[in-house]
Structure formats: structure tokens, C-alpha cells
Amino acid sequence: GLAGALLVMIVLFSLLSDHFLSYQTFSMLANQIPDLMVLSVGMTLTVEPGIYISPDNLEVAKKWRGIGVRIEDDVVVTRQGCEILSGGVPKTVAEIE
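So in our numbering, spot 2 of the sequence shown is number 32, and the numbers just go up one at a time.
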């Protein structure tokens, strides 16, 4: 289902760019994370998609150069898949502005 697919995306993306919410847990596991880690019920991590445009990037309009946007979700692994803990946080342009 959707929750399972979302969990798979979270796992794959997280292995590349995200981190556990507990710094102590992250530090403890930092040197032990295998190429493919199995998530367990109760593990909590972030999903942080973002875009950062270099001020020197001449391929984008000048008004967009030098900006960065990251929208973070906090996610906990559940028996059924996952629960997005930060679901109520404003994320759309209309909600933020």
C-alpha cells in the first residue's frame, strides 16, 4: 500500500541524505550503518528534501540564485509502515507566506 511504498522511499532516500532524530542514536550507529539497513518499529528519522541554488548558477533566473529551501518531515516506523509526525507543519507556499 501507500504507507509501505512511502516507507521504502524513506529508507532509500534516508540512507543517502537524512539522519536519525536522536543525536545519541545517530552517533552510536554512524560507524555501523551497513549498505542496506533494516528499520525497526519505533525508529524515528527525518526526510529532508531540499533544493539549493548556487549564487553563481547562470542557468536559472537571477531572482532564484543563492536561495535554498528544505522541508523536513519527522517520521517514525510503525508496525503498519510509518507515521509522519510533522504532517501538520506548513509546507505549501500559501501556508508559509
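Positions of the beta carbon are idealized from the N, C-alpha and C atoms, including for glycine.
Open item on the list: Does residue 97 come out as helix, strand or coil in the three-state DSSP assignment?
Closed with: In the structure shown, residue 97 adopts coil according to DSSP, grouped into three states.
Task: Buried versus exposed, by CB contacts within 10 Å (16 or more), residue 68 - done: With fewer than 16 other Cβ atoms inside 10 Å of its own Cβ, residue 68 counts as exposed.
Task: Contact the segment 73-88 vs the segment 100-112: 3+ CB pairs below 8 Å - done: The answer is yes - the segment 100-112 touches the segment 73-88, with three or more Cβ pairs under 8 Å.
Task: Cutoff 7 Å; reference residue 71; Cβ partners in own chain excluding five residues on either side - done: Short of 7 Å from the beta carbon of residue 71, and not among the five residues preceding or following it, lie these beta carbons of its own chain, in chain order: 107, 108 and 109.
Open item on the list: Just to confirm the assignment, what range does the alpha helix (DSSP H) spanning residue 126 have?
Closed with: First-last of the alpha helix (DSSP H) with residue 126: 123-126.
Open item on the list: Per the DSSP calculation, residue 113 is bridged to which residue(s)?
Closed with: Residue pairing for residue 113: DSSP places it in a beta bridge opposite 106.
Task: Where the beta strand (DSSP E) through residue 75 begins and ends - done: Going by DSSP, residue 75 is part of the beta strand (DSSP E) stretching over 74-77.
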